[in-house]
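Trainee: I'd like to ask some things about the structure below.
2 protein chains.
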Amino acid sequence: MEGKRAVVLLSGGLDSATVAALARAAGFSVCALSFDYGQRHRYELTAAKDVAAHLGVAEHRVVRLDLRAIGGSALTDDAWAVPKDSLGKEGIPVTYVPARNTIFLAMALGYAETVGASDLYFGANALDYSGYPDCRPAFVEAFERLANVATKAADEGRPFKVHAPLIRMTKAEIIRAGVALGVDYALTHSCYDPSPDGTSCGHCDSCLLRKRGFAEAGVPDPTRYA
Amino acid sequence: MEGKRAVVLLSGGLDSATVAALARAAGFSVCALSFDYGQRHRYELTAAKDVAAHLGVAEHRVVRLDLRAIGGSALTDDAWAVPKDSLGKEGIPVTYVPARNTIFLAMALGYAETVGASDLYFGANALDYSGYPDCRPAFVEAFERLANVATKAADEGRPFKVHAPLIRMTKAEIIRAGVALGVDYALTHSCYDPSPDGTSCGHCDSCLLRKRGFAEAGVPDPTRYA
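Right, dumping it as structure tokens:
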């Protein structure tokens, strides 16, 4: 690996692929981190691997982490239905996974400390998202404060910076930024409830936001919808 | 489960067993959380199960979490030696696991949100410990601040409280408190480098602190040392 390293949380979705491209454009060697966390659909791990290869990351680690043992979300518990055609309904949706971004960033922090990276990137978005509490600026700031009292690296004078470059962007702005950086969105995957072959349902919150983003950006949507 | 629930991080060690007893004494139904995180010695999971049964916890979940994929510690990487007879040497020791308590508390937060608990307990200790950064009051406070901007529960008016009741206690004080609450320390396990049958080495930092604690408390040490 050459140059300064950054750890990027890479889900295989549109947002995290764009974040990885932005980290690379900022001059970092990208250390990508994905989780095999018991998600109902495993296709996103295939997408994460494809995106990592496409972007030429320095390394890509996939960590097993059994969030099903905790449950509490439509994304990790088969007994819960993924809502369809309900975007913009009130409240935090059932696809919220308790403390997921806290858990993922904590793992990213450990990984960063191990590889000597001081920069963490993740694709939180406060605007064009489903209202998850752990996607807000106050969350990002609180995590950065925590990181800087939690680690040997920070104690030794190498503080961490948590980057959430998409946080105030619309989905259309994210797509335009990614296209400008050469991201191939055909490799990315957003659907909460895909077919086993990766075909997107077209009706969950994530598909609806993705479709609207491509339409607003004026970019052809390369996604395979059912 | 009856009454108010608290999630307690239970490693099977002396400190976390005492913390679980303190949470129970405070009137909580204890939801204990342990990790199968690729630790070099698995004996601590046996100890955690024994302690959970002994204390009569409401439930005990063991979550798989592959910290070996991150590495960076003598406790998760076989290539690193566990230091012996070196207590009090300068700096943060190699048994520090990058971001471990951040990761464990993040998982505890998700578990707490799922079971409707607002209280998290863990056995951080700033005095009679090995100088880990994620065992200090500033870390505990920063995690609590994070928890209260990270979750649906906090957004809905159920904020979290992070308890670290041992943080300013000496090991001897911890042992005396546990004995007063009926904790059977013969079930607990502290050694960083035990034999496969659970016999403690007697020379790692953790064994040295444990021995000294029992001696100072004037309590017979029930540990099997090699």
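Chains R and Z, in that order, give the protein sequences. Residue numbers are given in our numbering: position 37 of the first sequence equals residue 37, and the series is strictly consecutive. Residue numbers are given in our numbering: position 21 of the second sequence equals residue 247, and the series is strictly consecutive. Just so it is clear, CB atoms sit at the ideal spot from N, CA and C, and this is done for glycine as well. On a predicted model such as this, the values are computed, not experimentally measured, just so you know.
1. In the DSSP assignment, the beta strand (DSSP E) including R/Lys161 goes from what residue to what residue?
2. Using a Cβ-Cβ distance cut-off of 8 Å, determine whether R/Gly12 contacts chain Z.
3. Assuming Z/Lys437 and Z/Asp423 form a contact by the criterion Cβ under 8 Å, report the distance between their Cβ atoms to the nearest whole angstrom.
4. Z/Lys378 CB to nearest chain C CB: under 8 Å?
5. Would you mind telling me which residues of chain R sit closer than 9 Å to Z/Leu372, beta carbon to beta carbon, in chain order?
6. Report the CB separation of R/Asp66 from Z/Arg290 in whole angstroms; it is logged as a contact under 8 Å.
7. Closer than 8 Å, CB to CB, is Z/Ile296 near chain R or not?
8. Within 8 Å (strictly less), CB to CB, does Z/Leu291 reach chain R?
9. Between R/Val179 and chain Z, is the shortest Cβ-Cβ distance under 8 Å, so that the two count as touching?
10. Within 10 angstroms of its Cβ, does R/Ser34 collect 16 or more other Cβ (buried), or is it exposed?
11. Let me see if you follow: with CB-CB separation under 8 Å, is Z/Met333 close to chain R or not?
12. Using a Cβ-Cβ cut-off of less than 9 Å, list which residues of the region 200-213 of chain R approach chain Z; keep chain order.
13. Can you name, in chain order, every residue of its own chain whose Cβ lies under 6 Å from the Cβ of Z/Ala476, other than the five neighbours on each side?
14. Does DSSP put R/Val30 in a helix, in a strand, or in coil?
15. Measuring straight from C-alpha to C-alpha, what distance separates R/Gly182 and R/Gly56?
16. Between R/Glu59 and chain Z, is the shortest Cβ-Cβ distance under 8 Å, so that the two count as touching?
17. With distances taken between CB atoms, is the gap from R/Asp134 to Z/Ala325 smaller than 8 Å?
18. Is it the case that the Cβ atoms of R/Phe214 and R/Ile174 are separated by a distance below 8 Å?
19. The alpha helix (DSSP H) spanning R/Ala20 covers which residue range?
20. Is any beta-carbon of chain Z found at less than 8 Å from that of R/Asp157?
21. Nearest-angstrom Cα distance between Z/Ala279 and Z/Cys257?
22. Would you verify that the beta carbon of Z/Arg394 is, or is not, closer than 8 Å to some beta carbon of chain R?
23. When DSSP labels each residue in this structure, what does R/Tyr185 get in the three-state scheme?
24. Less than 8 Å between the CB atoms is what I'm expecting for R/Ala21 and R/Gly218, so what's the real figure, rounded?
25. Residues of chain R with CB under 8 Å from Z/Arg362, in chain order?
26. Between which residues of its own chain and Z/Asp276 is the CB-CB distance below 6 Å, once the five residues before and five after are set aside?
27. In terms of residue numbering, what span does the alpha helix (DSSP H) encompassing R/Leu9 cover?
28. Using a C-beta cutoff of 8 Å, does Z/Tyr337 count as contacting chain R?
29. Along the chain, where does the alpha helix (DSSP H) that runs through R/His54 open and close?
30. Please confirm if R/Ala99 has its CB atom under 8 Å from at least one CB of chain Z.
31. Can you give, in chain order, each stretch of the alpha helix (DSSP H) that sits fully within the region 99-187 of chain R and has at least 4 residues?
32. Spatial neighbours of R/Gly123 within its chain, please: CB distance less than 8 Å, with the 5 preceding and 5 following residues excluded, ordered by chain position.
33. Distance check for Z/Asn327 and R/Lys161, CA to CA, integer angstroms please.
34. Any idea what DSSP makes of Z/Ser426, helix, strand or coil?
35. Quick check: is the beta carbon of R/Thr114 nearer than 8 Å to any beta carbon in chain Z?
36. At a Cβ threshold of 8 Å, is R/Pro133 touching chain Z?
Mentor: The short version:
1. Taking the first residue of the first sequence as 1, we reach residue 161 of chain R at position 161. From DSSP, the beta strand (DSSP E) with R/Lys161 extends over 161-163.
2. For the purposes of this step, residue 12 of chain R is identified with residue 12 of the first sequence, where counting begins at 1. Chain Z, which has no Cβ nearer than 8 Å to the Cβ of R/Gly12, makes this no.
3. Within the second sequence, numbered from 1, the residue matching residue 437 of chain Z stands at position 211. Within the second sequence, numbered from 1, the residue matching residue 423 of chain Z stands at position 197. About 19 Å separates the two Cβ atoms, so there is no contact after all.
4. Among the protein chains in the structure shown, which are R and Z, there is no chain C.
5. Within the second sequence, residue 372 of chain Z is the residue found at index 146, counting from 1. Chain R residues near Z/Leu372: Thr102, Phe139, Ala142, Phe143, Arg145, Leu146.
6. Here the question's residue 66 of chain R lines up with position 66 in the first sequence. Here the question's residue 290 of chain Z lines up with position 64 in the second sequence. Going by Cβ atoms, the distance from R/Asp66 to Z/Arg290 rounds to 4 Å, so yes, they are a contact pair.
7. The residue labelled residue 296 of chain Z in the question sits at position 70 within the second sequence. For Z/Ile296, the answer is yes, since a Cβ of chain R falls inside 8 Å of its Cβ.
8. Here the question's residue 291 of chain Z lines up with position 65 in the second sequence. Yes, contact with chain R.
9. Position 179 of the first sequence, counted from the start, is the residue given in the question as residue 179 of chain R. By this cut-off, R/Val179 is not an interface position.
10. Position 34 of the first sequence, counted from the first residue, corresponds to residue 34 of chain R. Flag for R/Ser34 reads buried.
11. Position 107 of the second sequence holds residue 333 of chain Z. Chain R contact via Cβ: present.
12. none
13. Only positions 227 to 452 of chain Z appear in this structure, which leaves residue 476 of chain Z out of reach.
14. Position 30 of the first sequence, counted from the start, is the residue given in the question as residue 30 of chain R. The answer is strand: DSSP assigns R/Val30 an E or B state.
15. Taking the first residue of the first sequence as position 1, residue 182 of chain R is located at position 182. Taking the first residue of the first sequence as position 1, residue 56 of chain R is located at position 56. Cα-Cα distance, rounded: 12 Å.
16. For the purposes of this step, residue 59 of chain R is identified with residue 59 of the first sequence, where counting begins at 1. So no, R/Glu59 is outside the interface.
17. Residue mapping note: residue 134 of chain R aligns to position 134 of the first sequence, counting from 1. Residue mapping note: residue 325 of chain Z aligns to position 99 of the second sequence, counting from 1. It is not a contact, given that the beta carbons lie outside the stated cut-off.
18. Here residue 214 of chain R refers to the residue found at position 214 when the first sequence is read from its first residue. Here residue 174 of chain R refers to the residue found at position 174 when the first sequence is read from its first residue. For R/Phe214 and R/Ile174, no; Cβs fall outside 8 Å.
19. Here residue 20 of chain R refers to the residue found at position 20 of the first sequence. Where R/Ala20 is concerned, the enclosing alpha helix (DSSP H) stretches over 14-25.
20. As a working note, residue 157 of chain R is residue 157 in the first sequence. Reading off the sequence shown, one finds Gly at residue 157 of chain R, where the question assumed Asp. No, no contact with chain Z.
21. Start at 1 with the first residue of the second sequence, and residue 279 of chain Z comes out as number 53. Start at 1 with the first residue of the second sequence, and residue 257 of chain Z comes out as number 31. Distance between the alpha carbons of Z/Ala279 and Z/Cys257 is about 12 Å.
22. If you number the second sequence from 1, residue 394 of chain Z lands on position 168. No, Z/Arg394 lies away from the interface with chain R (no Cβ there is under 8 Å from its Cβ).
23. Locating residue 185 of chain R in the first sequence gives position 185, counting from the first residue. Looking at R/Tyr185 - three-state DSSP - the assignment turns out to be helix.
24. Position 21 of the first sequence, counting from 1, holds the residue named residue 21 of chain R. Position 218 of the first sequence, counting from 1, holds the residue named residue 218 of chain R. Their Cβ separation, rounded to whole angstroms, is 19 Å, which puts R/Ala21 and R/Gly218 out of contact at 8 Å.
25. Along the second sequence, read from residue 1 onward, the residue named residue 362 of chain Z stands at position 136. Per Cβ cutoff of 8 Å: Val149.
26. In the second sequence, residue 276 of chain Z corresponds to position 50, counting from 1. Here the set comprises Leu413.
27. Within the first sequence, residue 9 of chain R is the residue found at index 9, counting from 1. First-last for R/Leu9: 5-9, but that is the beta strand (DSSP E), not the alpha helix (DSSP H).
28. For the purposes of this step, residue 337 of chain Z is identified with residue 111 of the second sequence, where counting begins at 1. Interface residue, yes.
29. Here residue 54 of chain R refers to the residue found at position 54 of the first sequence. From DSSP, the alpha helix (DSSP H) with R/His54 extends over 43-55.
30. What you label residue 99 of chain R is simply residue 99 of the first sequence in a count that begins at 1. Yes - at least one Cβ of chain Z is within 8 Å of the one on R/Ala99.
31. 100-115, 137-150, 152-155, 171-180
32. Position 123 of the first sequence, counted from the start, is the residue given in the question as residue 123 of chain R. Answer for R/Gly123: Leu9, Ser11, Gly13, Asp15, Ser16, Thr18, Val19, Ala164, Leu166, listed in chain order.
33. Here residue 161 of chain R is taken as the residue at index 161 of the first sequence, counted from 1. Here residue 327 of chain Z is taken as the residue at index 101 of the second sequence, counted from 1. Cα to Cα, the separation comes out at about 19 Å.
34. Locating residue 426 of chain Z in the second sequence gives position 200, where the first residue counts as 1. In the structure shown, Z/Ser426 sits in a strand (DSSP, three-state: E or B).
35. Sequence index remark: in the first sequence, residue 114 of chain R carries index 114 (1-based). Interface residue, yes.
36. By 1-based counting over the first sequence, the position of residue 133 of chain R is 133. Closer than 8 Å to some Cβ of chain Z, the Cβ of R/Pro133 qualifies, so yes.
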